[in-house]
Amino acid sequence: MTQIELDYAPAVEALTPVLHNLPGKIVAIGGLPGVGKTTLGRYLAYRFNVSLIETDLFLIPNQGKMVYREDWINQVVGSRLDKDDPKWRRPVIIEGSTVLRLLASLGREPDFIIHVVNNEAPESNGALAKDLKSYDAKYAPASKADITLKFSV
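For the sequence shown, position 150 (counting from the first letter as 1) is numbered 150 according to the UniProt record's numbering, and the numbering increases by one without interruption.
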């Protein structure tokens with residue numbers, strides 16, 4: 001096994017029963033900026049052959065906080081989950097620093113939450129740090145996680 005496979009093995013093991021037969025579920029990956037959410041999400045999407053939404057691609061620039069093009073994200077999520085026939089629904093992984101707030105704003109609940117921690121990640125400053133602190137206080141993502149992964153650079 002490679003080091004990446006070893007690092008991500010707990011997430012793969014935890015998600016295997018959740019994604020068995022690829023049901024229409026939302027897997028949320030959260031954590032502070034720079035901790036490894038996107039890399040983990042890409043690996044899991046590849047490993048389970050499911051879609052990944054990288055929320056950074058939908059950020060509206062120069063907002064001083066995490067503000068997304070929510071209608072676009074909801075359209076992508078809906079293309080996987082909002083099918084009349086459940087057999088056509090497919091799981092989606094969505095990752096982002098404020099993923100629980102984003103999903104709540106979309107009126108969607110995650111079925112499984114992965115929280116990523118990396119003590120060597122860079123610290124956020126200014127308005128972004130304030131936004132992330134507010135998010136953490138309101139949504140308590142670490143306490144809601146089904147699994148927490150700890151990475152180091």
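All C-beta atoms, glycine included, are put in the ideal place defined by N, C-alpha and C.
**Message:** Quick check: Asp131 and Ile26, are their CB atoms within less than 7 Å of each other?
**Reply:** Numbered from 1 along the sequence shown, position 131 holds the residue referred to as residue 131. Numbered from 1 along the sequence shown, position 26 holds the residue referred to as residue 26. No; because the gap between Cβ atoms is not below 7 Å, this pair is not in contact.
**Completely contained alpha helix (DSSP H) runs for the segment 40-90, where each covers 4 or more residues** = 70-81
**Asked** Hey, does Pro86 have any beta-carbon neighbour from chain C nearer than 7 Å?
**Response** Looking for chain C here will not work: only one protein chain is present.
**Message:** Residues in the same chain with beta-carbon distance under 6 Å from Ala146, minus the five sequence neighbours each way, listed in chain order, please.
**Reply:** Position 146 of the sequence shown, counting from 1, holds the residue named residue 146. One detail in the question is off: residue 146 reads as Asp in this sequence, not Ala. Answer for Asp146: Phe112 and Ile113, listed in chain order.
**Prompt:** Comparing alpha-carbon positions, which option in Arg80, Leu32 and Gly34 lies nearest Val50?
**Reply:** Locating residue 50 in the sequence shown gives position 50, counting from the first residue. Residue Arg80 is the option with its Cα nearest to Val50.
**Message:** Please report the straight-line C-alpha distance between Lys87 and Pro122, rounded to a whole angstrom.
**Reply:** Along the sequence shown, one-based indexing puts residue 87 at 87. Along the sequence shown, one-based indexing puts residue 122 at 122. Approximately 42 Å, taken between the alpha carbons.
**Prompt:** Is Val12 closer than 7 Å to Arg42 when the C-beta atoms are compared?
**Reply:** Within the sequence shown, numbered from 1, the residue matching residue 42 stands at position 42. Within the sequence shown, numbered from 1, the residue matching residue 12 stands at position 12. Cβ atoms of Arg42 and Val12: not closer than 7 Å.
**Item:** Where Gly24 sits in the DSSP three-state scheme
**Value:** Position 24 of the sequence shown holds residue 24. Here Gly24 sits in coil by DSSP.
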